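Down below is the structure, laid out as structure tokens.
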Amino acid sequence: MQVLEGQAARTALTRSFGEIPVPDAVLARIKGLFGEALSPEQVVQRILADVRARGDDALRDWTEKLDGTRPDTLAVSADDLAQASVPDDLHAAIRTAISRVRAFYAQQPAHGFLNHGPDGALGQLVRPIGRVGVYVPGGLAPLISTLIHTAVPAQVAGVPEIVVTTPPDRAGNIHPAILVAARELGITQVYRVGGAQAIGALAYGTASIPAVDKVAGPGNLFVVIAKRLVYGVTGIESLPGPTETLVIADDSADARFVAADLLAQAEHLGAEPVLVSTSRDLLVRVQAELGGQLEALPEPNRSWARDSVAARMKVILATDLDEALAFSNLYAPEHLCLLTRDPWSVLGRVTRAGGVFIGEHSMEALGDYVAGPSHVMPTGGTARFMSPVNVRDFQTIISVVGVNEATLRRIGPAGVTLARAEGLEAHARAIESRLLGDPQDA
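For the sequence shown, the working numbering begins at 161 and goes up steadily by one.
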């Protein structure tokens, strides 16, 4: 395990904001499917153009080509939604997660204001987005929590219509847990389509799937590229990519918990675990724990986590907590776990992170499910300027201007001056026409 310090650590944690590296296996699969070497962006461009041109037929063709099944009916029927069932303990867990996420976002201030004062009225109207598309990844497992953590903030925001797309399995079915979660949320529009073609359907609309005003939810490389390419046709909440966790731990931390928190994210494909500690002895103990806990994982989780640890894990020794926090703020992690002697005293110095998990009882894995805040958080260093999914992502703000005549006469001349400085004479005259009154009255 290579331990980085000082400038070497800062260099390793400094993001390069270029193209996402594409694994050779992905490029090989593209060539096998398309018969030529294409970049992921070229693939997505072809899929989006086809969906826009041929609608449902394109969705069926691409689902067959990429997912191995051809859905005759894209929409999940009301009967399928009603009849979906899961074991009682999972059903109860789904209800717990929905309840806690809803209770958390119900506390978020998300209203407008309208102030009537001596100058007249100034304010903001806050309105929910009309229709939102939630993308729920499928693939290796049903991401039940993603549906909950994306749809609930939208519902709290007042969005009246939520459309869900998620990839079908090879039999053409949606996992019953996704359907149960949708039913518990009161969502009736669920569609059997995933990948870039689903994003295209949500952006452009087809005969079966209505176009939405905003697309939300994480996905693989192709989904992220598709969201970026359709932005402007529809809105997007963010471009969440491979997950990442940075753990700050001092000599008081339990090496078992540090290793467990790192592996909890390392088992995601493409994950990047980062450990920053002020204790060299802890780093040694964590290394031993990682080996033992890795071997105890079942397959394929063991292989996924081992790949993340071997290929992307960063281990950093900081001189003190101030330097550890400086490293973290430079990296701007999606998840920041504070396993220190007094984590609350550290919190105030955190400036860049998607979410902060304080102390050994607040592991990030809990946040993925039932803590309350959405687990859809900014990745790739975008926590410098992005936030986790929240109520505001699903609302628009409309400015209200209603100044009175006295205020116009006081501030209007400044507006005229600025307009003429910008070379916009019609702007200046629009203001002056009110200041001068009707020429016929002169």
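Yeah, the Cβ is synthetic: ideal placement off N, Cα and C, and Gly gets one too. Quantities reported herein were computed from a predicted structural model and do not represent experimental measurements.
With respect to Arg501, Asp414 sits apart: the two C-beta atoms are not nearer than 7 Å. Excluding the 5 residues flanking it on each side, Met161 has same chain C-beta neighbours closer than 6 Å at Gln447 and Val475, in chain order. In the DSSP assignment, Ala242 is bridged to no other residue.
The beta-bridge partner set that DSSP reports for Gln555 consists of Pro288. Shown here for Arg255: same chain residues with a beta carbon closer than 7 Å to its own, the five before and five after excluded, namely Glu344 in chain order.
Taken in chain order, the unbroken stretches of alpha helix (DSSP H) that lie wholly in the segment 264 to 321 and span 4 residues or more are 304 to 317.
When DSSP states are grouped into helix, strand and coil, Pro378 belongs to the coil group. Annotated three-state conformation of Ser437 is strand, per DSSP.
When DSSP states are grouped into helix, strand and coil, Tyr529 belongs to the coil group.
Restricted to the segment 382 to 433, the beta strand (DSSP E) segments that are unbroken, complete and at least 3 residues in length are 404 to 409, listed in chain order. Listed in chain order, the alpha helix (DSSP H) runs fully inside the segment 430 to 507 are 440 to 456, 461 to 472, 481 to 491 and 503 to 507, counting runs of at least 4 residues.
Between Pro313 and Ser534, the beta carbon gap of about 6 Å places them in contact (Cβ cut-off 8 Å). Residue environment for His276: exposed (fewer than 16 other C-beta atoms within 10 angstroms of its C-beta). Annotation for Gly519: no alpha helix (DSSP H) segment contains it, and DSSP assigns it neither H nor E. Taking 7 Å as the cut-off, the Cβ atoms of Arg466 and Glu432 do not count as close. Within the model, the alpha-carbon separation for Ala484 versus Val436 is close to 6 Å.
Secondary structure in the segment 191 to 219: the alpha helix (DSSP H) runs of 4 residues or longer, each lying completely within the stretch, are 200 to 214 in chain order. With contacts defined as CB atoms closer than 7 Å, Ala367 and Gly215 qualify as a contacting pair. As the crow flies, the alpha-carbon of Leu381 is around 25 Å from that of Asn489. As the crow flies, the alpha-carbon of Leu429 is around 7 Å from that of Ser468. Between Pro493 and Ala478, the CB-CB gap reaches or exceeds 7 Å. In the DSSP secondary-structure assignment, Leu164 is bridged to Ile476. Taking the Cα positions, Leu362 is about 40 Å away from Ala419.
Here the segment 280 to 290 lies against the segment 559 to 578, with 3 or more beta-carbon pairs under 8 Å apart. Taking the CA atoms as reference points, Ala266 sits about 40 Å from Ala169. Apart from sequence neighbours up to five positions away, the residues of its chain that approach Thr567 with a beta-carbon distance below 6 Å are Asp279 and Gly280, ordered along the chain. Distances from the CA of Leu193 to each of Leu250, Ile308, Leu457 and Asp221 were compared; the closest alpha carbon is that of Asp221. Taking 7 Å as the cut-off, the beta carbon of Arg352 is found closer than this to the beta carbon of Leu234. Here Phe554 is buried, its C-beta having at least 16 other C-beta atoms within 10 Å.
Closest in C-alpha terms to Asp232, from the list Ala242, Leu307, Gly166 and Pro328, comes Pro328. Residue pairing by DSSP places Ala235 opposite Tyr351 in a beta bridge. For Gly228, the secondary structure class from DSSP, reduced to helix, strand or coil, is coil.
Where Val340 is concerned, the enclosing alpha helix (DSSP H) starts and stops at Pro336 to Leu345. Under the DSSP assignment, Val576 falls in the alpha helix (DSSP H) whose first and last residues are Glu565 to Ala581. Bridge partners of Gly562 according to DSSP: Ala281.
In the three-state reduction of the DSSP assignment, Val372 falls in the coil class, being assigned neither a helical nor a strand state.
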